[in-house]
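In what follows, a single structure is set out as structure tokens and then discussed.
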Ligand code: ARG
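Residue numbers (my numbering): 125 to 416.
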């Protein structure tokens, strides 16, 4: 067998998404939201459907959480919880406008038999937490500075039994970890260093010397708000520069249009929560052959 250098192996994933059926920009809780700018609700739904079909087409499983009245940001499903090994550490939203989303997610996890941990501290789920199962035996990266309280990181560490590395976000445009950093596979990341404090940048450089480095244009195009299966990297179509860097590093960029949801301050990753069940088998998608 010929081993292709740097061949990236995709792994089958399970995701949770919520359709933007109530999506609107009715309030502004991040610098991207402009309540005066019109949103095309129909287009938002179409773009979301295409994102879902893209993930299904890559061989992944997608669960859907029904949208609820009065919760226009519920499409950003990543914020609803953070799962590792069959445990779901629940969310507690910073702003009252989104608070009720936590209960909808909680109901999903409880009903599906997850070990659900009720949070006592403000944290916005996978928006501010990332998980790398193959880095240092399983590592949580955790953001604070705008939404999640730093104290929630130690609670997540306790609930999930994995070390959580606290990283300080310093640029209000990149108010969640998942718009500044992403897991590319089970052991490596891509990030925009300037979104982090000087100390956090040093920590990232120490832990991930082989990380891919994004620039401001990549970050502003919401390129870092990506979903990767280890090979196929689904990212905002606008992020052409980052797509080229990913391709050069041996990943397969899969661009999707998400212009409408960007008006809410989110993109691919914000719409997708990864479900990591207990004793997750490492199941390659299609060994030996390209996934697409
Ligand atoms: N409008 C939402 C908010 O400000 C966007 C959330 C984006 N989600 C994310 N995971 N970054 O809360």
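Positions of the beta carbon are idealized from the N, C-alpha and C atoms, including for glycine.
Own chain partners of residue i with C-beta closer than 8 Å, once the 5 adjacent residues on each side are dropped
i	result
residue 148	163, 165 and 196
residue 235	none
residue 327	289 and 291
Same chain, Cβ closer than 7 Å to residue i, neighbours up to 5 away in sequence not counted
i	result
residue 216	226, 243, 245, 246 and 247
residue 312	332, 334 and 335
residue 413	For residue 413, the predicted model reports a pLDDT of 43, less than 50, meaning its position is unreliable and no value from the coordinates is stated.
residue 152	158 and 159
residue 361	379, 380 and 381
residue 219	153
residue 325	317
residue 418	In the structure displayed, the chain extends from 125 to 416; residue 418 sits before or after that span and is not available.
Opening and closing residue of the alpha helix (DSSP H) in which residue i lies
i	result
residue 173	165 to 181
residue 383	383 to 386
residue 323	322 to 331
residue 370	364 to 372
residue 284	275 to 284
Inter-residue Cα distance where the pair is residue i and residue j
i	j	result
residue 352	residue 309	7 Å
residue 393	residue 349	5 Å
residue 258	residue 160	44 Å
residue 388	residue 144	11 Å
residue 272	residue 375	30 Å
residue 254	residue 344	20 Å
residue 316	residue 194	34 Å
residue 415	residue 370	Note on residue 415: pLDDT 43, under 50, position unreliable in the model; the coordinate value appears next. Looking at the two C-alpha atoms, the distance is approximately 16 Å.
residue 339	residue 305	11 Å
residue 154	residue 237	34 Å
residue 231	residue 240	9 Å
residue 411	residue 190	Note that residue 411 scores 46 on pLDDT, short of 50, meaning its location in the model is unreliable; the coordinates nonetheless yield the value given after this. Residue 411 and residue 190: Cα-Cα distance of roughly 34 Å.
residue 323	residue 291	8 Å
residue 422	residue 179	Any answer about residue 422 is impossible in this case: the structure gives the chain only from 125 up to 416.
residue 249	residue 303	13 Å
residue 321	residue 268	11 Å
residue 212	residue 399	9 Å
residue 285	residue 136	23 Å
residue 256	residue 192	31 Å
residue 367	residue 373	10 Å
residue 296	residue 185	33 Å
residue 363	residue 266	24 Å
residue 177	residue 395	13 Å
residue 359	residue 386	12 Å
residue 233	residue 377	31 Å
Given residue i as reference, the closest of the options once Cα atoms are compared
i	options	result
residue 183	175, 189 and 322	175
residue 131	388, 360, 355 and 369	355
residue 280	224, 301, 359 and 214	214
residue 282	269, 207, 323 and 201	207
residue 181	138, 278 and 146	138
residue 397	169, 156, 178 and 204	204
residue 173	155, 156, 284 and 199	199
residue 263	276, 270, 288 and 275	288
residue 330	359, 319 and 260	260
residue 169	328, 142 and 270	142
residue 202	266, 346, 251 and 265	251
residue 300	270, 278 and 171	270
Opening and closing residue of the beta strand (DSSP E) in which residue i lies
i	result
residue 402	Note, residue 402: premise wrong, no beta strand (DSSP E); not H, not E.
residue 211	211 to 214
residue 314	313 to 315
residue 358	356 to 360
residue 253	253 to 256
residue 290	288 to 292
Same chain only: Cβ atoms within 6 Å of residue i, ignoring 5 sequence neighbours per side
i	result
residue 401	210
residue 167	384
residue 341	365
residue 187	140
residue 221	151
residue 404	none
residue 275	245
residue 390	200
residue 314	306, 308, 336 and 338
Below-8 Å beta-carbon distance, residue i vs any chain C residue
i	result
residue 390	Of the protein chains in this structure there is only one, and it is not chain C.
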